[in-house]
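Data first, discussion second: the structure below is written as structure tokens.
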Amino acid sequence: MKKALVVLLILAVAGGVFAQELKFTGYVNTGLGLVIPGEDDADPYLTAYGQDAEQFNYRFQLNGFFTNSAGNAGLSFRLRAQGNRTPFMHWAYGWYTGFDGMITVKAGSVDDGTYNTMGYVIDGDVDEGIGALVNVSPIDGLSLGVGAYVGKNDASGSLQRELDDAKYTFGIAYDMPDLFKVAVGYRTKSAFDTARLRAGVNIKVLPELTAVIEVEADNLDGDFGDFGTFTIAQTLAYKIGDITVGVNLGEYLSMEEDTDFSFMANPWVSYAIGSIVPRLDFVYFLNGYADLVTDSSDPEYGNWTGKFHRKAYMPTYTEDYAFMSIRPSVAFMLNNTTIEVGYMFNMLTEPDGIDYDNNQNIIYVDFKWSF
């Protein structure tokens, strides 16, 4: 009995020490949207509506971070539950830093943002998956990375055993505070990912200015000349007092035959009145399409139905398609809670003219609580 009490006491003390070093962040995001389809015989309907929840309309996200007392090792994880999917570990890995911070090793279900493109349109990197990543920083601001992965973070599909089926990544980033950051990442073709190059430059000379250029080249294998895609994107914004004016641009090119250049422009403006922030977005996508499909006869219906209202568009690489959207909204910032009320009108044009069946009017309220 005494031994059991001693063991429980030791575990309690150890747990208390661990808890002191373990930190959590996260949020809950969902909302409600009234979708009014353009189809003559379609009735308006309600749907869950989450700005940051992608196609799942609801998201609970919990991030955990632990660092040992020496500050040279720890773990990070992200737990998500969203939509009708069961909760899953988005990523979870341990890390160790040695040689005065020159070398950092991460292993497990890794997600590393060192080589992220930093912009709004692409906003991604290549260093994620089940495997290991080594980052080397020989001088201040410079990072060099090499990774090897045997599967996706969500463990969808089988984990790979053959060397040729694994994914290998290479990255380089250089950050000069208050001036710029440049990042480049490349991943090889694997059994679960295409070969891809991503790069970004973030100009940081003015605190009021956001200026990022991103580049992505996908399907960089033997089929690139037939099926590869190339994207250039720009994220620009400038803050003048309480007013912020910005524009997100994207240029999309497919190497496939009989395809056309696609172009997206998303100018926007917001005005902060204390904790209330009105905003107006306009989106025009030449040779593009809306992911917010409400026409039940459309092959995309059910994949992205009335969801993810900030980035709900994609290139078609096909002439005579176009997408236009007008999106006024008002956000209320209440401590750790954001409530956004907005309206969205989407109009699609196809080779035969305006696709009235897929025109949409959407009124939504979005809730996000962060901690």
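Count the sequence shown with mature numbering (1 follows the signal peptide of the UniProt record, and there is no 0) and you get residues -19 to -1, 1 to 352, in order.
For glycine and all other residues, C-beta sits at the position ideal for the given N, C-alpha and C.
Use the C-beta contact count for residue i: other C-beta atoms within 10 angstroms, 16 or more gives buried, fewer gives exposed.
i	result
serine 235	buried
tyrosine 26	exposed
residue 354	The structure shown does not extend to residue 354, since the chain spans only -19 to 352, so no value can be given for it.
serine 277	In this predicted model, serine 277 has a pLDDT of only 47, less than 50, meaning its place in the structure is not dependable enough to derive any value.
phenylalanine 289	Summary for phenylalanine 289: the model assigns pLDDT 45, below 50, so the residue's position carries little reliability; its value from the coordinates is reported in the next sentence. Flag for phenylalanine 289 reads buried.
glutamate 109	buried
proline 296	buried
isoleucine 120	exposed
residue 353	Beyond the ends of the chain as shown, which are -19 and 352, falls residue 353; an answer cannot be given.
threonine 319	buried
phenylalanine 352	exposed
asparagine 317	exposed
phenylalanine 313	exposed
leucine 157	Here residue 157 is methionine; the residue named in the question, leucine, does not match the sequence. Classification of methionine 157: exposed, given that the 10 Å Cβ count is below 16.
threonine 78	buried
Tell me where the beta strand (DSSP E) around residue i begins and ends.
i	result
tyrosine 324	318 to 331
isoleucine 224	224 to 235
glutamate 197	190 to 199
isoleucine 221	210 to 221
tyrosine 155	148 to 157
phenylalanine 69	69 to 79
glycine 100	Where glycine 100 is concerned, there is no enclosing beta strand (DSSP E), given that its DSSP letter is neither H nor E.
lysine 349	341 to 351
isoleucine 257	257 to 267
threonine 299	Looking at the DSSP string, threonine 299 is not in any beta strand (DSSP E), and its letter there is neither H nor E.
threonine 28	26 to 29
lysine 87	84 to 92
serine 124	123 to 132
glutamate 109	109 to 117
glutamine 63	54 to 63
arginine 177	177 to 184
serine 251	243 to 252
isoleucine 17	3 to 18
threonine 48	40 to 48
phenylalanine 161	161 to 168
Relative to the C-alpha of residue i, which candidate in the options has its C-alpha closest?
i	options	result
valine 196	Arg177, Phe208, Lys185, Thr85	Arg177
tyrosine 302	Leu329, Tyr324, Phe313, Met314	Leu329
isoleucine 224	Val250, Ala246, Glu232	Val250
lysine 349	Ala23, Gln42, Lys4, Pro18	Gln42
phenylalanine 46	Tyr74, Lys185, Tyr298	Tyr74
serine 124	Phe161, Met83, Tyr101	Met83
glutamate 331	Ala253, Arg59, Gly269, Ile344	Gly269
residue 362	Asn327, Ser351, Asp347	Any question about residue 362 goes unanswered here, given that the chain covers just -19 to 352.
phenylalanine 161	Ala172, Val193, Ser139	Val193
leucine 230	Glu238, Gly323, Gln215, Met70	Gln215
lysine 4	Glu143, Gly55, Val86	Gly55
glycine 52	Asn44, Asp81, Asp24	Asp81
glutamate 143	Leu201, Val117, Phe173	Phe173
valine 226	Glu238, Asn247, Ser118	Asn247
asparagine 342	Val9, Thr6, Gly7, Asp24	Asp24
aspartate 104	Thr48, Trp76, Asp146, Gly181	Gly181
With a CB to CB cut of under 6 Å and the five nearest residues on each side skipped, what residues in its chain are close to residue i?
i	result
tyrosine 39	Thr11, Ala29, Gly31, Gln63, Gly64
phenylalanine 211	Ala198, Leu234
phenylalanine 266	Met245, Tyr294, Phe304
asparagine 183	Met99, Lys162, Val193
glutamate 321	Ser310, Ala312, Asp347
Given residue i, which residues of its chain have a CB within under 8 Å of its CB, disregarding the five upstream and five downstream residues?
i	result
aspartate 106	Asp93, Gly94, Thr95, Tyr96, Asn97, Thr98, Gly152, Ala164, Gly166, Arg179
serine 50	Glu2
threonine 169	Lys148, Tyr149, Thr150, Ala176
tryptophan 72	Ser57, Phe58, Arg59, Gly89, Ser90, Val91, Asp92, Glu109, Asn134
leucine 13	Leu27, Thr28, Ala29, Tyr30, Tyr345, Val346
Who are the Cβ neighbours of residue i in its own chain at under 7 Å, not counting the five residues just before and after it?
i	result
asparagine 340	Gly19, Asn327, Met328, Leu329
aspartate 241	Asn268, Tyr298, Thr299, Glu300
valine 112	According to the sequence displayed, residue 112 carries glycine and not valine. Cβ within range, chain order: Val91, Gly128, Ala129, Tyr130, Val131.
leucine 140	Ile111, Val131, Gly132
leucine 201	Ala176, Arg177, Leu178, Gly209
Stretch pair the region 182 to 192 + the region 212 to 230: three plus CB contacts closer than 8 Å: Taking a cut-off of 8 Å for Cβ pairs, the region 182 to 192 and the region 212 to 230 touch, as three or more such pairs fall below it.
Stretch-stretch touch, CB-based, cutoff 8 Å, three pairs: the region 257 to 269 with the region 116 to 134: Output reads no: the region 116 to 134 does not touch the region 257 to 269.
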